[in-house]
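Start counting the sequence shown at 130; every next residue gets the next number (my numbering).
We treat Cβ as the ideally placed atom computed from N, Cα and C, and that holds for glycine.
What follows is a short report on a single structure.
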Amino acid sequence: MTNTRNTSTMNNTTLVIGGTGKTGRRVAERLTARGLPVRVGSRSGEPPFVWEDLSTWDAALEGVGAVYITYYPDLAFPGAAEAVGAFARTAVAKGARRLVLLSGRGEEGARISEDKLKESGADWTVVRASWFTQNFSEGFFHELVLAGELPLPTGDAVEPFVDADDIADVAVAALTEDGHVGKTYELSGPRLLSFHEIAAELSKASGRQITYIPVTLDDFRKSLEDNGLPVEFADLFELILDGRNAHLVHGVEEVLGRGPKDFTDFARDAAADGVWNT
130 MTNTRNTSTM
140 NNTTLVIGGT
150 GKTGRRVAER
160 LTARGLPVRV
170 GSRSGEPPFV
180 WEDLSTWDAA
190 LEGVGAVYIT
200 YYPDLAFPGA
210 AEAVGAFART
220 AVAKGARRLV
230 LLSGRGEEGA
240 RISEDKLKES
250 GADWTVVRAS
260 WFTQNFSEGF
270 FHELVLAGEL
280 PLPTGDAVEP
290 FVDADDIADV
300 AVAALTEDGH
310 VGKTYELSGP
320 RLLSFHEIAA
330 ELSKASGRQI
340 TYIPVTLDDF
350 RKSLEDNGLP
360 VEFADLFELI
370 LDGRNAHLVH
380 GVEEVLGRGP
390 KDFTDFARDA
400 AADGVWNT
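This is the structure we're talking about:
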């Protein structure tokens, strides 16, 4: 135990897995702005980190004391829990004590990954997030917005979209401050939004007509398959449809002492950055 503490003390680099992604990039930027050493964990990183290639893990963890863990494509996908558990054990063995896992609200598969993290012996924190507002500006729905149509299997269901900047702020607090070990934080935005309302917000901000078109889950699965995307993404939409996340949570306020960013503000800022210009 003494050796582990000594190693952890010497290891002050934070490994940000998915450090080029929506939340990871923001976490890395915030840590760097504080003058803290950061290593980006990605296929293009130096050294590279690849979830499917265990031989890349040790080098990526060398000299690391803390890790922000994101898993692509999603913790609910088959094999995610086993990978997260194996990585967490490896990280602890290499001297990385503080592990912060980005998880998803209401995902049973993600809960299994959380349990694997906790079993590793790490000083863990779990951050469970609602769907990201940035999915519309730099992620899954961006191309749909540019095309002017959101053909999605969500009916009239609502979701409290959370801003990736808020997620990053919470993650950085958990990585760098005392008082977050052993905590699970659930994050959402400040209000529930249907995709009809999302389309209206995007239309207003972008100055373009964005239309929400409800489709069936089967049609959406076929669309995913036709575009070479994992059909398991369709299963995540069922989490919205059954209403399990159709309520607000207050992790942003709990950790940061302020309210979360509203979708209207996100859409205004994204439009000003030109993300929907064609």
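Inter-residue distance for residue 202 and residue 237 is about 15 Å (C-alpha atoms, whole angstroms). Looking at the backbone, the Cα of residue 389 and that of residue 231 are separated by about 17 Å.
In the three-state DSSP reduction, residue 386 falls in the coil class, being neither helix nor strand. Three or more beta-carbon pairs separated by less than 8 Å link the segment 250-260 to the segment 310-328, which places the two stretches in contact.
Apart from sequence neighbours up to five positions away, the residues of its chain that approach residue 292 with a beta-carbon distance below 6 Å are 262, 390, 395, ordered along the chain. From the listed residues 325, 192, 209, the smallest Cα separation to residue 199 is found for 209. Excluding its 5 nearest sequence neighbours in each direction, residue 324 has C-beta neighbours in its own chain below 7 Å: 279, 281, 283, 341, listed in chain order. When the Cα atoms are used, residue 331 and residue 222 turn out to be separated by approximately 46 Å. Between residue 152 and residue 190 the beta-carbon gap is near 20 Å, outside 8 Å, which marks them as no contact. Residue 392 holds the alpha-carbon nearest to the alpha-carbon of residue 294 among 392, 233, 276, 226. Put simply, the segment 342-349 touches the segment 362-376. At least three CB pairs are less than 8 Å apart. Between the alpha carbons of residue 239 and residue 276 lies a distance of about 32 Å.
Residue nearest to residue 180 within the set 338, 328, 145, 167 is 145 (criterion: CA-CA distance). The straight-line gap separating the alpha-carbon atoms of residue 336 and residue 397 is approximately 10 Å.
With contacts defined as CB atoms closer than 7 Å, residue 168 and residue 142 qualify as a contacting pair.
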